[in-house]
Each structure stands twice: as structure tokens, then as C-alpha cells.
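Residue numbers (my numbering): 144 to 422.
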């Protein structure tokens with residue numbers, strides 16, 4: 144599948160904005176078979192430099208509107224989940240709490256609205272943190288989602304829906320946003336992908352999952368094996384990110400070489416570091 148990637152897809156992924164542009168190109172290069180949103184499998188097409196959702200039976204807007212729906216790039220593991228343990232995030236939250244009026248701290252206002260605002264503020268504060276930028280721009284954690292569902296899901300945790308739940312919130316789309324409990328119930332066809340992404344993020348960045356997350360993600364991983372579409376997209380992403388890691392190691396080698404007082408001295412104490420990239 145890697146041969147389908149265009150040269151333009153090899154721009155360096157330095158931040159979330161670049162990651163989104165890279166993913167868009169990856170999906171376009173993979174062809175129309177990949178042009179479905181993640182949560183509803185609704186088709187989309189490239190139009191006017193954006194990805195536009197086509198009218199279909201797969202999805203009906205929750206809020207009736209003539210507004211055209213577009214694709215937004217959704218973090219499967221939300222930014223609040225992978226960023227909240229970082230110092231930059233915690234410092235920003237402490238600062239926001241100090242600036243709140245005393246009566247506002249105890250007022251029963253919309254928790255979800257406050258959380259969304261705090262999350263945006265904390266994400267902005269963490270843009271200088273290299274680890275946060277890497278996690279925020281990790282291509283394996285990003286999927287194309289309908290903008291309305293992207294907004295509705297926010298940083299809600301994934302959960303197993305009650306057996307009696309009727310999935311009618313978005314027409315025929317088999318997802319549900321539980322605003323009262325801050326939970327999101329994904330369709331069966333995306334649960335395995337979600338699970339493998341959570342397990343990947345946990346392993347790669349040392350993010351400790353809760354007991355509930357551990358149970359659900361391992362369960363879904365076993366119940367829902369990768370589809371051909373997931374395999375193709377992950378293969379393309381893996382090829383892309385391996386290339387990025389290689390370029391980063393080579394750039395580091397060049398910098399160390401230029402800084403070396405003795406040009407003949409090997410820039411790496413461990414010459415196996417370069418080879419490990421390809422394993």
C-alpha cells in the first residue's frame with residue numbers, strides 16, 4: 144500500500160496542523176474506498192480544499208440544518224486524556240482555577256462547556272511541549288469524523304451502550320452521544336480500531352489506562368479484528384511515520400556531526416540507533 148503514497152505526503156509532521164494535512168493526502172492517495180467517515184461510514188469527497196460529507200442514509204444531522212457537513216480530524220484518544228498528566232496542562236489548569244471568581248468555582252454551571260474551554264486553553268499552553276506535539280500529531284490517533292459528531296463527542300469516554308438504547312440520534316448512524324454522563328457509544332464496526340488505538344497510545348507514550356479502559360479496549364480488540372480498510376490505512380500511516388522517524392534520526396545525526404569538534408568522530412555513541420528505526 145505504501146507505493147500509493149504521493150511525494151507530497153512526505154512533508155514533516157511537526158504539529159497537529161501538519162498532521163491533518165498529511166492524513167488528508169494519505170486518504171486521498173488511498174482512493175475512494177477509504178473516503179468514509181470513521182463513526183458513521185458516511186461517504187465524503189474532496190471539494191474546495193476540504194472534505195465534504197455527501198448526503199446519504201448513513202447519517203442524518205442531530206440538529207436539523209441546511210449547513211453542509213465537513214470532515215474534521217478526530218483524536219480517538221482525546222487531547223485531555225493524553226495531555227492532562229503533562230506539567231504544561233496542569234499549570235494552565237491551576238492558572239485558570241485561580242482566575243475564576245469565588246462564586247464561579249462552586250456554581251452549578253455546564254461542566255461540559257467549562258471542560259471544553261479549559262481543554263482548548265490547555266492545548267494551546269502545551270504547544271511548546273515536544274511530547275504533547277508528538278502525541279497531538281500522531282497519525283495513528285487521528286481519524287476523519289463528521290464535524291457535528293466531532294463536536295458532540297468532545298472528550299467523552301468510550302463506553303458499552305445499554306442493551307435497550309435506541310440509536311436514532313444521528314439517523315441510521317449507530318453511535319450515541321450521552322451528554323448527561325459524558326460518554327460516547329461507538330458503532331461495532333469502529334470499536335476494534337478504537338481499542339487498538341488506545342492500546343497503541345498507552346504503550347508508545349506510557350499513558351496508564353483506567354481499569355474500565357483496560358477492560359473495554361482489550362475486549363473490543365478481541366471481539367472486532369482489523370478490517371481490510373483499517374489494515375490498509377494503518378499500513379500507509381505506519382510507512383509515513385517510520386519515514387518521519389528516520390528523517391528525525393538523520394537530522395539529529397547531522398546536527399551532532401556539525402557540532403562535533405572532531406569531524407571524524409562518530410556522532411552516535413550507539414550506532415545501532417539508526418538501524419532500530421527500521422525494526
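Ideal Cβ positions, reconstructed from N, Cα and C, are used throughout, including at glycine. These numbers were taken from a predicted model, which means no experiment stands behind them.
| task | Would you give the residue range spanned by the alpha helix (DSSP H) that residue 227 belongs to? | result | Unbroken run through residue 227: none, as it is neither H nor E.
| request: Put residue 301 into one of helix, strand or coil per three-state DSSP. | output: For residue 301, the three-state secondary structure derived from DSSP is strand.
| field | Those residues which DSSP pairs with residue 196 across a bridge | value | For residue 196, the beta-bridge partners assigned by DSSP are 187.
| said: Within a Cβ cutoff of 7 Å, which residues of the same chain sit near residue 428, ignoring the five residues on either side of it in sequence? | reply: Beyond the ends of the chain as shown, which are 144 and 422, falls residue 428; an answer cannot be given.
| message | So, under 8 Å CB-CB, residue 194 and residue 287 are touching, yes? Tell me the CB distance rounded to an integer number of Å. | response | Your pair residue 194 and residue 287 checks out as a contact, with CB atoms roughly 7 Å apart and the cut at 8 Å.
| request: Using the Cα positions of residue 272 and residue 221, report the straight-line distance between them to the nearest angstrom. | output: The alpha-carbon atoms of residue 272 and residue 221 are separated by roughly 17 Å.
| said: Less than 8 Å between the C-beta atoms of residue 363 and residue 380, yes or no? | reply: No.
| field | Residue burial classification, residue 354 (beta-carbon count within 10 angstroms, cutoff 16) | value | Counting C-beta atoms within 10 angstroms of its own C-beta, residue 354 has fewer than 16 neighbours from the protein chains shown and is therefore classed as exposed.
| message | Suppose you measure from the CA of residue 163 to the CA of residue 216; what does that come to, to the nearest Å? | response | Annotation: residue 163 to residue 216 spans about 7 Å, alpha carbon to alpha carbon.
| field | Residues sharing a beta bridge with residue 219, DSSP | value | When DSSP reads this structure, residue 219 sits in no beta bridge, so it has no partner.
| Extent of the continuous beta strand (DSSP E) to which residue 362 belongs | Element bounds for residue 362: not the beta strand (DSSP E) but the alpha helix (DSSP H), 354 to 366.
| query | Exposed or buried, what is residue 318 when buried is set at 16 or more other beta-carbons lying within 10 Å of its beta-carbon? | reply | The residue in question, residue 318, is buried, as its Cβ has 16 or more Cβ neighbours within 10 Å.
| said: Measuring CB atoms only, is the region 199 to 212 touching the region 288 to 299, in the sense that at least three cross pairs come out at less than 8 Å? | reply: With the cut-off at 8 Å, the region 199 to 212 and the region 288 to 299 touch.
| query | Hey, quick one: how far does the beta strand (DSSP E) through residue 284 stretch, first residue to last? | reply | Residue 284 -> no beta strand (DSSP E), and no H or E assigned at all.
| request: Give me the Cα-Cα distance between residue 218 and residue 226, rounded to the nearest whole angstrom. | output: When rounded, the distance between both Cα atoms is 12 Å.
| task | Give the C-beta separation of residue 173 and residue 375 to the nearest angstrom, bearing in mind that I take them to be a contact with Cβ-Cβ under 8 Å. | result | With 8 Å as the limit, residue 173 and residue 375 qualify as a contact, their Cβ atoms being about 6 Å apart.
| message | Please report the distance separating the alpha-carbon of residue 313 from that of residue 322. | response | Near 14 Å, if we compare the C-alpha coordinates of residue 322 and residue 313.
| What is the rounded straight-line gap between the Cα of residue 393 and the Cα of residue 402? | CA-CA distance, residue 393 to residue 402, rounds to 14 Å.
| task | May I ask you to report which of helix, strand or coil DSSP gives residue 179? | result | DSSP places residue 179 within a strand segment (E or B) once states are collapsed to three.
| message | Check this for me: beta carbons of residue 182 and residue 330, under 8 Å apart or not? | response | A distance below 8 Å separates the beta carbons of residue 182 and residue 330.
| message | For residue 289 and residue 185, I'd like the C-alpha separation in whole angstroms. | response | Rounded to the nearest angstrom, the two C-alpha atoms are 8 Å apart.
| Distance between residue 399 and residue 309 (C-alpha atoms, nearest Å) | Approximately 59 Å between the Cα atoms of the pair.
| field | Those residues which DSSP pairs with residue 268 across a bridge | value | Answer is none; residue 268 lacks a bridge partner.
| Using the C-alpha atoms, what's the distance from residue 224 back to residue 178? | Their Cα atoms are separated by approximately 27 Å.
| Per DSSP, the bridge partner or partners of residue 313 | DSSP, once it has assigned bridges, lists 316 as partnering residue 313.
| query | residue 321 by DSSP, collapsed to three states: which one? | reply | Looking at residue 321 - three-state DSSP - the assignment turns out to be strand.
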